[in-house]
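Asks: Okay, handing you the structure first.
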Amino acid sequence: MLPDYCSLPPHLKNYPSFGPVISVEIKPKQGFMLQDEFLLPGQSFVPMRMCRFCMMQQYKVKQGVISEKSGYCPTDLYSGCPIRMRHSLKMLLKTPQNNFRIFKDQKLIYSEEKKSNLNDVLSDFFDVNDKLSYSDLLCTLIIQVLLRPLEAVNLPISSAKKVSQMCINAYSGCSKFDPCHFLPVGCVLDKILRVQTLASFCISDVYSLYLKIKSCNTHQRFDNIG
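The opening residue of the sequence shown carries number 1 in UniProt numbering; numbering runs sequentially from there.
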């Protein structure tokens, strides 16, 4: 069981605070495009123009699993570019599906099934008197949290190339590739991406190997698979 992150942990309750506790649940999905180092021996590399999430969105619409594609693209969120990250969060707000939820004092206030007016439900969270959209303020806060480097820990070494990932469905409103448009080392998205890219094969190849293993005689050596 994961810890309950919808409420403040006990050690933080000793600090002065006011207002509700807001927690945001994001399922960021795979944040990189397939590279040639993820291929099985003997496979030829064909550059991918679309990330796995966007391909699955098209498939789900075709199969009737969902009625419309999400405008969210993981490569925007993982880009480190504030403009692309803001766009990705706006798209998650527009079509949360099962990838985005907001809780207020442990109660669900925003999801695919429950789209509350954020300007109403967040009015006691943001201490501002101007007419800024609270959803915009929330997106800004989320971006700051996601890009904030955490305390130094041993990070897994990934073989993934540090290049800007650009899915064909990614937001085209910003094409800057300068250093401020990459994920800061040690931020939560950087850590997630490092773990994701530790994989040697893409998921479809792993599943193919699994099916081969499953169909083999239990006494057959797995060395001959593939």
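Glycine included, C-beta positions come from ideal geometry on N, C-alpha and C.
Can you grab the Cα-Cα spacing for the pair residue 27 / residue 99, in whole Å?
Replies: 5 Å
Asks: If you follow the beta strand (DSSP E) that residue 22 is part of, which residue opens it and which one closes it?
Replies: 22 to 26
Asks: Got a sec, what are the start and stop residues for the beta strand (DSSP E) residue 100 sits in?
Replies: For residue 100, the enclosing beta strand (DSSP E) stretches over residues 100 to 104.
Asks: Let me check one thing: in DSSP terms, what residues is residue 115 bridge-paired to?
Replies: Under DSSP, residue 115 shares a beta bridge with 110.
Asks: Leaving out five residues before and five after residue 94 in sequence, what residues of the same chain have Cβ atoms less than 7 Å from its Cβ?
Replies: Hits under 7 Å: 71.
Asks: For residue 53, report the span of its alpha helix (DSSP H) as first-last.
Replies: 52 to 63
Asks: What are the boundary residues of the alpha helix (DSSP H) that residue 136 is part of?
Replies: For residue 136, the enclosing alpha helix (DSSP H) stretches over residues 134 to 147.
Asks: With distances taken between CB atoms, is the gap from residue 31 to residue 74 smaller than 8 Å?
Replies: yes
Asks: Report all residues from its chain with a CB closer than 6 Å to the CB of residue 169; omit the five preceding and five following residues, and keep chain order.
Replies: Counting only Cβ-Cβ distances below 6 Å, and skipping sequence neighbours, we find 54, 73.
Asks: Please state whether DSSP places residue 172 in a helix, a strand or coil.
Replies: coil
Asks: So the candidates are 85, 60, 114, 136; which of them puts its Cα closest to the Cα of residue 181?
Replies: 85
Asks: Whole angstroms is fine: what's the gap from residue 246's alpha carbon to residue 216's?
Replies: Residue 246 lies beyond the residue range present for the chain, which begins at 1 and ends at 226; the question has no answer from this structure.
Asks: Would you mind giving the Cβ-Cβ distance between residue 102 and residue 24, rounded to the nearest angstrom? I have them listed as a contact below 8 Å.
Replies: 5 Å
Asks: Is it true that the CB of residue 21 sits closer than 8 Å to the CB of residue 105?
Replies: Going by C-beta atoms, residue 105 is nearer than 8 Å to residue 21.
Asks: Got a sec? Which residues, its chain only, sit under 8 Å from residue 49 by beta carbon, not counting five neighbours each side?
Replies: 167, 168
Asks: Is residue 137 closer than 8 Å to residue 188 when the C-beta atoms are compared?
Replies: No, these two residues do not count as a Cβ contact at 8 Å.
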